[in-house]
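Engineer: Just passing along the structure, written as structure tokens.
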Amino acid sequence: MIRYRWAVVAVWVVVFVVSSAAASGLSRLLTNRFSLPGTDTQRAERVLDDHFGQKSTGSFMIVVRGAPGSAPQLLPTVDQAARRAAGVLPSGEVASVQPVSDSIVNARIVSNLEPADAKGYTDRMRAAVGTVPGAHAYVTGQAAIEHDLDPVFKHDLKVGELYIAIPIALVILAFVFGTLAFLLPLIFAAAAIPTTLAIIWVFAHYMELSTYLQNLVTLIGLGIAVDYSLLIIYRYREELHSGKATQDAIVATMATAGRAVVFSGTAVAIGLTLMLAMPLPFMRGFGIGGLFIPIISVACALTLLPVLLYFLAAKLDRVRLLPRSITERREAEENVWARLAWTIMRHPAAIAAGSTALLVALALPVLALELGPGSNKGIPRTLESVQGLDILSDAVGAGALAPTTVVIDSHRPGGADDAQVQAGLTRLQHSLRADSQVAAVIFDPASTQFVDPSRRYLQLQVIGKSEYGTPVSLDFAHRLRQDLVPAAGFPTGVAVYAGGGPPSGVDFLHLTYSAFPWLVLGVLVLTYFLLLRAFRSIILPLKAIVLNLLSITAAYGLLVVFFKWGVGGALGLISFDQIEGWIPVFIFAMVFGLSMDYEVFLVSRMREEWDAGRDNETAVALGLAKTGRIVTAAGLVMFAAFMGFVAGSIVGLQQFGFGLGAAIIIDVTIIRALLVPSAMALFGRWNWWLPHNVARVFRVRNSPLAPRAPSAPSARPAPGPSSVGG
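Residues 403 to 1128 in this note's numbering are what the sequence shown spells out, letter by letter.
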């Protein structure tokens, strides 16, 4: 890279310009729609699309509220407004216009557009609706809500990045480096993040990708860039401090810290890429982002960063010119970490037991964890589409935006008119209207929106009294499928599919958590083998996995405490009974990978000391002394990046950011500073054991289980402030 440094810079400049242009068009391709392959929800959606020309998530509603008693007079005006609005929406049709109270009229407009396409017509539809004399009109529906949320996501991302993550990162990095070297991680991030977003932009043309993905890649990319830059720059300065020339210092840095970055990036990629195996397309989309952000970051760390160090070494690093007082301060700081390690290793069993007990106590609230498919209650109420939804929900039922769709397939043209099918339909409507959670059942046998032209298919719209993601709504979906539909007595050969709101929530949770155990198993196995090769040990990877599982479970418990139990209200967190079902999956995949950054940083350095001839305790102490500041600073920067999510106004993102932040803080404090050294003290020389046969399989040097002579006294940190140098 140094030999071809100008070509490297030129390539990255071109990549940055092209990627930034491509990534600027990404947000319009993203959606909040979750398709559910192989479920009744998908089967119902397919019938609606193919035979009724409808996509439930691409539909709109016009809610018009006037004075009490004005609904009959508003009907003609609303009908005309709805037809104007449908005229500007490709494939748009007015499905119904009806009063829902004495002052509110609701019009439903359906289309066969995907939500990512439909939401782009929201402003034109609002202009077409215009004003309704004596009333206020709102354009709402899932597509309109997505349209209105896009600027909210952008604002939240801007606040999270510009006002929280980046300033905190700058302060931490300036404190750690003491020179302008803290700018290099930001250059790193500016190269890696747009490149990843541009790759995602390509996939977004062919895959269903979530609106959250852009926020995720940006903030995670910032954290990873800082992690890798910290490790490499700090090691580079250490090599300089030992007396090496600039180029030799860079080469030595990449042979050690560069190797650690490759293993770290691979661990992060494993954790997130396995989401590609999840059966939900939107999760597979996050797997795409999770695959490319660490890969691009590793590529940047191995190509651009060494070149920047070479070009800017004289200006960004003055380690040889540092006053003695600054050098002593840094050495004293390392000595603090060494003292901590020695203190812990004098009482390893007590500290390990106490730390584990604390993590278990933090994890216990996970027993009260209540998962849900998401909710519209967790979004800002000031948006026009949300205000319209609230008005409609108050009048009809909280399930008005996402009603249950019951699709009946008679399996033959004209079958909808069969007497037995009609009898079953009547019984089903009666039982639905009698259900305690049903606010309304909508069916018009004369409309092609409810009976298709071939008269093979029928559909009912069932509006629930509760919001679609609540437990009572999910219970209704189970009851509908297991009790009400079978009790309706449709003839043999007739298929009934329940999709839409609550049933889609049930299908989402079922698909997610039927696959999640396999995701966990895959991550554990692959990570174990990766770390076995990185650490040349069969014990240390197992220890890393167990400790990571402890920190993740503790983060789950804190989610319950701060959101479900409302403890986070004083901190500005939105109290919410449910944790959105995708969040535990994402936290596991991301934290399990990201925490391996710190594990690899820390244990790789301990391995170096052991290979250099230190005894176990000295290797652990020196490893912690030389990486403690890096791991702490990197963790704080990553925590700041995740707090960017918490600063937003979307409850799902708040939960996500808080869970990630909690896991990272637990990881860099309780896990890395206390449990890792205490556990390694307890394991002793077994830490470094790799039998010959296993080493041969993984093509690395074996590490025999042989006694190690105690290190010379000078190897152990003495009480003086400068005993642990570079």
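Positions of the beta carbon are idealized from the N, C-alpha and C atoms, including for glycine. Please read all numbers here as calculations on a predicted model, not as lab measurements.
Which same chain residues end up closer than 7 Å to Pro1121 when comparing Cβ atoms and leaving out the 5 residues on each side of it in sequence?
Structural biologist: Working through the sequence shown from its first residue, we reach residue 1121 at position 719. The pLDDT assigned to Pro1121 is 40, lower than 50, so where the model puts this residue is not dependable; a value taken from the coordinates is nonetheless given after this. Cβ neighbours of Pro1121 beyond the five flanking positions: none.
Engineer: Taking 8 Å as the cut-off, does the region 930–940 touch the region 1004–1023 (at least 3 CB pairs, one atom from each stretch)?
Structural biologist: As far as the Cβ criterion goes, the region 1004–1023 touches the region 930–940, which means the pair count is three or higher.
Engineer: Just to check my reading of the structure: Gly667 and Pro696 have Cβ atoms closer than 8 Å, yes? What is that Cβ distance to the nearest angstrom?
Structural biologist: The residue you call residue 667 lines up with position 265 of the sequence shown. The residue you call residue 696 lines up with position 294 of the sequence shown. Contact holds; Cβ gap of about 4 Å.
Engineer: Check for me: the alpha helix (DSSP H) holding Gly924 runs from which residue to which?
Structural biologist: Position 522 of the sequence shown holds residue 924. Unbroken alpha helix (DSSP H) run through Gly924: Gly903 to Phe937.
Engineer: What is the DSSP secondary structure of Leu803, counted as helix, strand or coil?
Structural biologist: By one-based count along the sequence shown, residue 803 stands at place 401. Reduced to three states, the DSSP call for Leu803 is coil.
Engineer: Would Ala825 and Leu860 be called neighbours here (beta carbons separated by less than 8 Å)?
Structural biologist: In the sequence shown, counting from the first residue as 1, residue 825 sits at position 423. In the sequence shown, counting from the first residue as 1, residue 860 sits at position 458. It is not a contact, given that the beta carbons lie outside the stated cut-off.
Engineer: Starting from Met463, follow its DSSP beta bridges and name the residues at the other end.
Structural biologist: Walking along the sequence shown from the start, residue 463 turns up at place 61. Paired residue(s): Arg510 and Thr542.
Engineer: Mind the definition here: the region 773–789 touches the region 973–982 only if three or more C-beta pairs lie below 8 Å; say whether that holds.
Structural biologist: Judged by Cβ distances under 8 Å, the region 773–789 makes contact with the region 973–982, as three or more pairs qualify.
Engineer: Please report the distance separating the alpha-carbon of Ala1129 from that of Leu951.
Structural biologist: This structure leaves residue 1129 out entirely; the chain is present only between 403 and 1128.
Engineer: In the DSSP output, which residue or residues are listed as bridge partners for Asp811?
Structural biologist: Position 409 of the sequence shown holds residue 811. BP columns for Asp811 point to Tyr859 and Ala897.
Engineer: Please classify Tyr899 as buried or exposed, where buried requires at least 16 neighbouring CB atoms within 10 angstroms.
Structural biologist: Numbered from its first residue, the sequence shown carries residue 899 at position 497. With 16 or more other Cβ atoms within 10 Å, it is buried.
Engineer: Take Leu431 and list the residues in its own chain whose beta-carbon comes closer than 8 Å to its own, dropping the five residues that flank it on each side.
Structural biologist: To locate residue 431, count along the sequence shown from 1; it is residue 29. So the list reads Ala518, Trp603, Ala606, His607 and Leu611, once near-sequence residues are dropped.
Engineer: Is it the case that the Cβ atoms of Ala1027 and Ala740 are separated by a distance below 8 Å?
Structural biologist: Within the sequence shown, the letter at position 625 stands for residue 1027. Within the sequence shown, the letter at position 338 stands for residue 740. It is a contact, given that the beta carbons lie within the stated cut-off.
Engineer: Please confirm if the region 525–540 is in contact with the region 803–823, defined as three or more CB-CB distances below 8 Å between the two stretches.
Structural biologist: These segments do not touch.
Engineer: Please report how far the alpha carbon of Gly801 lies from the alpha carbon of Ala530, in whole angstroms.
Structural biologist: Within the sequence shown, the letter at position 399 stands for residue 801. Within the sequence shown, the letter at position 128 stands for residue 530. Gly801 and Ala530: Cα-Cα distance of roughly 27 Å.
Engineer: Does Gln500 come out as helix, strand or coil in the three-state DSSP assignment?
Structural biologist: Position 98 of the sequence shown, counted from the start, is the residue given in the question as residue 500. DSSP places Gln500 in strand when its eight states are reduced to three.
Engineer: Mind reading off the beta-carbon distance from Thr675 to Leu704? Whole number of angstroms is fine, and I expect it under 8 Å.
Structural biologist: Here residue 675 corresponds to residue number 273 of the sequence shown, with the count starting at 1. Here residue 704 corresponds to residue number 302 of the sequence shown, with the count starting at 1. No, Thr675 and Leu704 are not in contact; Cβ-Cβ is about 19 Å, not under 8 Å.
Engineer: Is it right to say Tyr406 is buried, meaning 16 or more other beta carbons lie within 10 angstroms of its own, or is it exposed?
Structural biologist: By 1-based counting over the sequence shown, the position of residue 406 is 4. So Tyr406 ends up on the exposed side.
Engineer: Opposite Leu773 in the DSSP bridges: which residues?
Structural biologist: Here residue 773 corresponds to residue number 371 of the sequence shown, with the count starting at 1. Paired residues: Ile981.
Engineer: Counting Cβ pairs closer than 8 Å, one from the region 909–927 and one from the region 1073–1091, do we hit at least three?
Structural biologist: No contact exists between the region 909–927 and the region 1073–1091.
Engineer: Leaving out five residues before and five after Ala1083 in sequence, what residues of the same chain have Cβ atoms less than 8 Å from its Cβ?
Structural biologist: Indexing the sequence shown from 1 puts residue 1083 at position 681. Cβ within range, chain order: Ile746, Met747, Pro750, Asn1018, Glu1019 and Val1022.
Engineer: Could you work out which residue in Val415, Phe988, Ala804 and Tyr565 is closest to Gly907 when comparing CA atoms only?
Structural biologist: Locating residue 907 in the sequence shown gives position 505, counting from the first residue. Per the Cα distances, Ala804.
Engineer: In the structure shown, what three-state DSSP assignment does Ala537 receive?
Structural biologist: As a first step, residue 537 is located in the sequence shown; it is residue number 135 there, counting from the start. DSSP places Ala537 in strand when its eight states are reduced to three.
Engineer: Are there 16 or more other CB atoms within 10 angstroms of the CB of Val948, so buried, or fewer, so exposed?
Structural biologist: As a working mapping, residue 948 is identified with position 546 in the sequence shown. Counting Cβ neighbours within 10 Å, Val948 comes out exposed, since fewer than 16 surround it.
Engineer: Tell me the rounded alpha-carbon separation between Gly790 and Ser838.
Structural biologist: Within the sequence shown, residue 790 is the residue found at index 388, counting from 1. Within the sequence shown, residue 838 is the residue found at index 436, counting from 1. Answer to the nearest angstrom: the Cα atoms are 25 Å apart.
Engineer: Does Ala743 come out as helix, strand or coil in the three-state DSSP assignment?
Structural biologist: For the purposes of this step, residue 743 is taken as the residue at position 341 of the sequence shown. It is helical.
Engineer: What separation, rounded to the nearest whole angstrom, lies between the Cα atoms of Ile568 and Gly1059?
Structural biologist: For the purposes of this step, residue 568 is taken as residue 166 along the sequence shown, with counting starting at 1. For the purposes of this step, residue 1059 is taken as residue 657 along the sequence shown, with counting starting at 1. Approximately 16 Å, taken between the alpha carbons.
Engineer: Are Leu913 and Leu438 touching if we call contact CB-CB under 8 Å?
Structural biologist: Stepping through the sequence shown from its first residue, residue 913 is reached at position 511. Stepping through the sequence shown from its first residue, residue 438 is reached at position 36. Taking 8 Å as the Cβ cut-off, Leu913 and Leu438 qualify as a contacting pair.
Engineer: In or out: Thr441 buried (at least 16 other Cβ within 10 Å) or exposed?
Structural biologist: Walking along the sequence shown from the start, residue 441 turns up at place 39. That one is buried.
Engineer: Nearest CA to the CA of Val738: which residue from Val809, Gly1025 and Ile589?
Structural biologist: In the sequence shown, the residue the question calls residue 738 occupies position 336. Closest by alpha carbon: Gly1025.
Engineer: Would DSSP call Val798 helix, strand or coil?
Structural biologist: Here residue 798 is taken as the residue at index 396 of the sequence shown, counted from 1. DSSP places Val798 in coil when its eight states are reduced to three.
Engineer: Check Val1130 in the structure and name its three-state DSSP category.
Structural biologist: No answer is possible for residue 1130: the residues shown for the chain start at 403 and end at 1128.
Engineer: Pick from Trp967, Asp796, Ala1065 and Gln851: whose alpha carbon is nearest that of Val465?
Structural biologist: Along the sequence shown, read from residue 1 onward, the residue named residue 465 stands at position 63. Closest by alpha carbon: Asp796.
Engineer: What's the gap between the Cα of Leu723 and the Cα of Tyr630?
Structural biologist: Here residue 723 is taken as the residue at index 321 of the sequence shown, counted from 1. Here residue 630 is taken as the residue at index 228 of the sequence shown, counted from 1. The predicted position of Leu723 is uncertain, since its pLDDT is 39 and thus under 50; a value taken from the coordinates is nonetheless stated next. Straight-line Cα distance between these residues: approximately 25 Å.
Engineer: Going by beta carbon distance, what residues of the same chain come within less than 6 Å of Trp1012, once the five residues before and after it are set aside?
Structural biologist: Taking the sequence shown and counting its residues from 1, the one referred to as residue 1012 is at position 610. Closer than 6 Å at the Cβ level, and outside the excluded window around Trp1012, lie Ala1021 and Trp1090.
Engineer: Can you tell me which residues form a DSSP beta bridge with Glu640?
Structural biologist: Against the sequence shown, residue 640 aligns to sequence position 238. Paired residues: none, contrary to the question.
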